[in-house]
Amino acid sequence: SAVISQKPSRDICQRGTSLTIQCQVDSQVTMMFWYRQQPGQSLTLIATANQGSEATYESGFVIDKFPISRPNLTFSTLTVSNMSPEDSSIYLCSSLSGHGYTFGSGTRLTVV
Amino acid sequence: SQQGEEDPQALSIQEGENATMNCSYKTSINNLQWYRQNSGRGLVHLILIRSNEREKHSGRLRVTLDTSKKSSSLLITASRAADTASYFCATDFNTDKLIFGTGTRLQVFP
Numbered sequence: 623s624a625v626i627s628q629k630p631s632r633d634i635c636q637r638g639t640s641l642t643i644q645c646q647v648d649s650q651v652t653m654m655f656w657y658r659q660q661p662g663q664s665l666t667l668i669a670t671a672n673q674g675s676e677a678t679y680e681s682g683f684v685i686d687k688f689p690i691s692r693p694n695l696t697f698s699t700l701t702v703s704n705m706s707p708e709d710s711s712i713y714l715c716s717s718l719s720g721h722g723y724t725f726g727s728g729t730r731l732t733v734v
Numbered sequence: 008s009q010q011g012e013e014d015p016q017a018l019s020i021q022e023g024e025n026a027t028m029n030c031s032y033k034t035s036i037n038n039l040q041w042y043r044q045n046s047g048r049g050l051v052h053l054i055l056i057r058s059n060e061r062e063k064h065s066g067r068l069r070v071t072l073d074t075s076k077k078s079s080s081l082l083i084t085a086s087r088a089a090d091t092a093s094y095f096c097a098t099d100f101n102t103d104k105l106i107f108g109t110g111t112r113l114q115v116f117p
């Protein structure tokens with residue numbers, strides 16, 4: 623199955639700033655996704671990253687807050703914009719290929 | 008929104024005992040998967056069961072699926088301290104989006 627390199631692994635950011643998280647997959651994959659995991663909670667799907675077009679966002683998530691890029695079949699970024707302490711979470715990317723789903727190791731974001 | 012509800016939310020057992028976790032979901036599915044997560048980080052895929060399957064085994068893991076009740080269970084037999092983790096069910100339907108349940112935190116005491 624595909625292997626995902628996600629970075630940064632963790633960051634502490636000031637409120638009002640933005641952070642971009644990157645995911646690089648070692649092979650071309652059909653689909654890529656971004657999830658948020660708030661402290662002590664399960665994973666919530668933010669959006670499906672579409673190659674060459676705008677991401678498809680789930681209810682409660684908007685492009686202005688979580689802009690996503692996917693310029694090719696192996697790479698995607700998620701930006702958390704204008705951060706507040708409520709954005710403190712783990713953010714994970716995921717890919718889907720013929721071998722199934724793979725997850726990045728996550729980015730632990732703390733907003734102070 | 009979450010697709011599935013899992014129970015119990017937390018489970019504490021002694022090494023050697025069996026652990027059973029249940030997952031209920033809301034809509035039709037293609038597949039149901041179980042994942043383990045240690046320390047709130049990376050997800051480890053445990054097992055996948057298709058909608059036309061009723062039971063599947065992998066080592067000490069046994070998964071059942073009842074599509075009429077929209078529920079699944081994960082049984083870990085002869086648990087070990089290393090099984091301590093959070094366990095999540097996840098379902099997918101026609102969109103290929105993987106939607107996770109609320110999770111069960113398992114603590115296995117030596």
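Chains as they are written, first to last, in the numbering used here: chain A, 623 to 734; chain X, 8 to 117. Ideal placement from N, C-alpha and C gives every residue a C-beta, glycine not left out.
Under 7 Å between C-beta atoms of leucine 667(A) and glutamine 659(A): no
Within a Cβ cutoff of 7 Å, which residues of the same chain sit near proline 15(X), ignoring the five residues on either side of it in sequence? Thr111
Paired residues, beta bridge with glutamine 628(A) - DSSP: Cys645(A)
Beta-carbon spacing of leucine 53(X), arginine 43(X) below 7 Å: yes
Whether glutamate 13(X) touches valine 115(X) by CB criterion (7 Å): no
Within 8 Å, do at least three Cβ pairs link the segment 72 to 79 of chain X to the segment 695 to 715 of chain A? no
In the DSSP assignment, find the unbroken beta strand (DSSP E) run with lysine 63(X) in it and report its ends. 62 to 65
Partners in chain X for leucine 667(A), counting only beta-carbon separations shorter than 7 Å: Lys104 and Ile106
Going by DSSP, what residues sit across from alanine 26(X) in a beta bridge? Ile83(X)
Check for me: the beta strand (DSSP E) holding serine 711(A) runs from which residue to which? 711 to 719
Using three-state DSSP, classify proline 661(A) as helix, strand or coil. coil
Spatially closest choice to phenylalanine 655(A) from Ala677(A), Leu641(A) and Ser631(A), by CA coordinates: Ala677(A)
Spatial neighbours of serine 8(X) in its chain, beta-carbon cut-off 8 Å, leaving aside the 5 residues before and after: Because serine 8(X) carries a pLDDT of 48, less than 50, the predicted location of this residue cannot be relied on, and the following value inherits that uncertainty. Contacts found: none.
Against chain X, does leucine 641(A) count as a neighbour if the rule is that its beta carbon must be under 7 Å from one of theirs? no
Within chain X, the residues that serine 664(A) reaches when beta carbons sit closer than 7 Å: Gln9, Phe95, Phe107, Gly108, Thr109 and Gly110
Is there a Cβ of chain X sitting closer than 7 Å to that of glycine 769(A), yes or no? Given that chain A is displayed from residue 623 to residue 734, the structure contains no residue 769(A) and the question cannot be resolved.
Output the distance between the C-alpha atoms of phenylalanine 688(A) and glycine 674(A), rounded to the nearest integer angstrom. 17 Å
Quick one: does leucine 718(A) have its CB under 7 Å from some CB of chain X? yes
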